[in-house]
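If you're matching them up, the sequences are chains A and B in order.
Counting from 1, position 146 in the first sequence corresponds to residue 146 in our numbering; the numbering is continuous, with no gaps.
Counting from 1, position 93 in the second sequence corresponds to residue 93 in our numbering; the numbering is continuous, with no gaps.
Glycine included, each C-beta is placed from N, C-alpha and C at the ideal position.
These numbers were taken from a predicted model, which means no experiment stands behind them.
Report on the structure given below.
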Amino acid sequence: MNDLDKLKELLFGAEKQALESITRRVEHREVRTADVADILPEAIHRSHKKSAELVESLRPPVGECMQQEFHHDPQTYSDALYPVIGPAIRKSIMHALRNFSQQINEAVEQSLTFRGLRWRIQASRAGVPLGEFLLQKNLLYRVEQAYLISRENGLLVGHAHHEAAKIKDSDAVSAMFTAIQDFVQESFSPDRTGRLESADMGEFTLWAVHGPHALLVCVIRGVPPRALRSELSAILERIHFRYGDSIRSYSGDTSTVPDVASELDKCLQFEARQQDDQVKRGVPTPLLVLLLLAGAALVYFVATRWLQSQELARLMTELEQTAGVYVADGYRDDGKIVLSGMRDPLAPTIAEIAAAAGVPSDAVEARLRPFQSLEPEIVIQRVRKLFGESDKIEIELVGSRAIVSGPSTIELQKRVRDSLPLIAGVDAIEYRLPAVDRVARIRELLGPPSTIAVTAVPDGVALMGSAPLSWIESAVTRTANAELGFYVDLNALVAADPGTLQDRLAEFSGVAFRFSSGTTFAEGAESLLNDYAVRLRSLIDETGNAGSDIRITLTGSTDSSGDPAVNATLAKQRAAAAAGILTTVGIDPASIVYAENISDDDDESHADPDRRRVTIELELMDSATTR
Amino acid sequence: MTLITSKVCVVGDFAVGKTSVVERFVNNQFSEKYLTTIGVKVDTKEIDLPLRHVTQKLIIWDVAGSDHFGDSEISYLRGSAGFIFVVDGTRPQTLKTARSLRRQIEAKYDRRPSVMLANKKDLTNAWEISADQIESLADDYDAVYRTSAKTGDDIETALIRLADLIVGRELHE
């Protein structure tokens, strides 16, 4: 070591050691790494606190690393993210549903009020959907557009806008805003330090945030808070940090500022108006009304359907119980009950059945074909129709045999018998007449002599007494052929004894038949005379067989009113009229003699109906004597 | 096709037809009615330049006519990628104005591609600019055209030429 070195050692010894120590630290990589590792966490922390530049710087390499790692080993990352992804998705869905529900609530609430109606009209006039209009009304503010404009040349570097915002030519807007900015600056700020920072126009506010190379102009609907300007400034700073050089030399080529739009999207912020808590707590009144209406409509619908089904069931039951109607199908169509099947014309009408079931007849549409029912009620009606629907007739059906009770004439019974083959459900008819009618019926059929008693017995009639044998034989034949429908007992009849003929003549003799006037019989007299003539004929026949003969004296009578000569002639005419009826039944005219009996009352004006008559007298004679 | 946006400014004396030139180029329309431009009016028009594989969107600043730029007008020209000078062929004085305005611009900003339109070519009887005068302009402008906004003669050609010059310069840089 020479003197110079010693001097150096004396003068710079300490510095030299320090320099050597520093040199060692710099040259040795491991030492240097340890130093950096020592201060790195604190350096990152400080840098991050100071500005957002660290994040911006780390974003590309970290992003690239993650991309490569995801690609290289997706399974590991999917396993690692699994516990996070599930809750995140659920949270996102819940959030979206909550927002959706709130939007619907608000839309319903607003649309059912007068204010809502007014807004609907305004939305229509503004040409925006109601939902968007309501959203605008409920927003405190919303940044609708953000323009990033080059300060150098006014060219549009980037543009972001809300979907609903109406966009003109954004390049022209950008240029024009720059021109206005220049104009304002030149006109009102001679030293060019002043800047246009905000402008109001109707419901919009324009905010301009100035950076070194670019201008961020935001079109804001509503009233933005002051804090928003700071946020916009931060965004512009970040853009400058990321694209500073590109913007400074921007000449219209958008590829020099990639993804600037995504940065600008962060400007599109909004804040909703705070709803009144009072209103928010309860269910909105219009919604409540809507729910009540919907509930009422549902109840009405269900009740109506139930009532309709009950109505249909009642009608179907009634139809099932009604004879002569067969319904194959019954259903509701367009509010009406439609029936298809068959109906006998004698069955009640559908309107009558519907009324019985309590169903309005105009609510029923019947598509029924006619048919002939074999149900007993309808068959009985069909038979009753043959009897003229008389109330006195009672009909019972036993199998295919109709049992008829009540008054009926022989002619009617004959007509019914002829029609029987045409009546579905009946093969035969049996008559069951009441006791009185049975007796009358036998009297009408047989015209029994006075010596015969006709009496009613259970289910039939019994005849007792004596009569000429020929009459008895005739009675047996006639009752057998008459289809009376009841039993006739003729067993108690005995053949008449000739010795009693005189007595029977006495019964027939002295009978009178009245006239009303002239030669016209009184009411019923002619019928009685006919009956009398038949029986007299039987008596005469009987008498003839017994070897005797009868003389009949007809005495015509008149009262004293009128001309006696005319009366005499009238008396003869009356006797002749009676003789006419007697001869009609086969009585020999030779056995008839005539007499007159004119009243000898002097009073010509005395009219006496009892004297207007014919009297018949009988006298038994020996045949030989008579002839 | 790459989209490039460029600002161009239309300048010239009063009533030389600047707004008519822009209207003919942008909307292919012409009006005899004269409306003076106050301040500046902005229009846009896209031009396809297939040989350069570029679509050029021109942001056209139609600056109010003037024989001298004030501070406000000169600031409008900031950052312009090209200029369209318009003169009135029936008024030789407007040539001088154009020259004066060009000097003002070059004093303030870097030189940019520019075209000269000697307008109102349709007014042949009143035409007063000689062919020599037009040829002498060739040194000062990248291209010179005799145009008519009324008939549309050479308007589009001139603007496409300017667009091409701008793109060429951008690509060159």
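| Asked | Found |
| --- | --- |
| Closest residue to S51/A among V436/A, A234/A, R369/A (Cα-Cα distance) | A234/A |
| Members of the stretch 176-202 of chain A near chain B, C-beta cut-off 8 Å | M176, A179, D182, F183, Q185, E186, S187 |
| Span separating the alpha-carbon of R417/A from that of I442/A | 20 Å |
| Contact set between L155/A and chain B, taken where Cβ atoms lie within less than 8 Å | T5, S6, K7, I59, G79 |
| Buried versus exposed call for T558/A [16 or more other C-beta atoms within 10 Å across all chains shown] | buried |
| Neighbouring residues, chain B, relative to S246/A (Cβ below 8 Å) | Within chain B, no residue comes near S246/A; the closest Cβ sits about 14 Å away, beyond 8 Å. |
| I74/B CB to nearest heavy atom of the ligand COA below 8 Å | Questions concerning the ligand COA fall outside what the structure shown contains, since it holds no ligand whatsoever. |
| Any C-beta of chain A under 9 Å from that of G65/B | no |
| Contacting residues, own chain, Cβ-Cβ under 7 Å from Y331/A (five flanking each side not counted) | V338 |
| For V436/A and V454/A, believed in contact at Cβ under 8 Å, the rounded distance | With a Cβ gap of about 11 Å, V454/A and V436/A do not count as contacting. |
| Cβ shell of E27/A (< 8 Å), same chain only, five flanking positions each side left out | none |
| Where Y147/A sits in the DSSP three-state scheme | strand |
| 6 Å Cβ shell around L137/B - same chain, five flanking residues per side excluded | M116, V144 |
| Helix, strand or coil at T558/A according to DSSP, with G and I counted as helix | strand |
| Within chain B, the residues that D171/A reaches when beta carbons sit closer than 8 Å | T5, T44, K57, I59 |
| Buried/exposed call for T19/B, threshold 16 Cβ in 10 Å | buried |
| D277/A, DSSP secondary structure in three states | Reliability fails at D277/A, whose pLDDT of 48 lies under 50, so the model's placement of it is uncertain and the value that follows must be treated cautiously. Correct three-state label for D277/A: helix. |
| Same chain, Cβ closer than 8 Å to D35/A, neighbours up to 5 away in sequence not counted | R25 |
| Alpha carbon of G70/B to alpha carbon of Q67/A, nearest angstrom | 56 Å |
| Close beta carbons around G460/A, own chain, < 8 Å, minus the five adjacent residues each side | R438, F486, Y487, V488, D489 |
| Distance CB(C9/B)-CB(I47/B) smaller than 9 Å | no |
| Cβ-Cβ separation, A525/A to S513/A (assumed contact under 8 Å), whole Å | The identity of residue 513/A in the sequence shown is Phe, whereas the question assumes Ser. Confirmed, about 5 Å. |
| Counterpart residues of C267/A in DSSP-defined beta bridges | Paired residue(s): none; C267/A is not in a bridge. |
| Pair within 9 Å by beta-carbon distance, D88/B and K45/B | no |
| 8 Å contact criterion, which V157/A and I44/A should meet: CB distance rounded | Rounded, the Cβ-Cβ distance is 31 Å, inconsistent with contact. |
| Reduced DSSP secondary structure (H/G/I, E/B, other) of R367/A | strand |
| Test: V40/B CB closer than 9 Å to a CB of chain A | yes |
| Segment contact flag, the stretch 135-152 of chain A with the stretch 246-262 of chain A, C-beta cutoff 8 Å, min 3 pairs | yes |
| L139/A vs R229/A beta-carbon contact at 9 Å | no |
| Under 8 Å (Cβ pairs) to chain B, residues found in the stretch 240-266 of chain A | S251, G252, D253, T254, S255 |
| Three-state class that DSSP yields for W207/A in the structure shown | strand |
| Same chain, Cβ closer than 6 Å to K619/A, five either side skipped, listed in chain order | The displayed chain sequence assigns Glu, not Lys, to residue 619/A. Once the five neighbours on either side are set aside, the close Cβ partners of E619/A are R551. |
| Cutoff 9 Å: G12/B Cβ touching any chain A Cβ | no |
| Exposure label - V22/B; buried when at least 16 CB within 10 Å | buried |
| Three-state class that DSSP yields for E186/A in the structure shown | helix |
| Buried versus exposed call for H213/A [16 or more other C-beta atoms within 10 Å across all chains shown] | buried |
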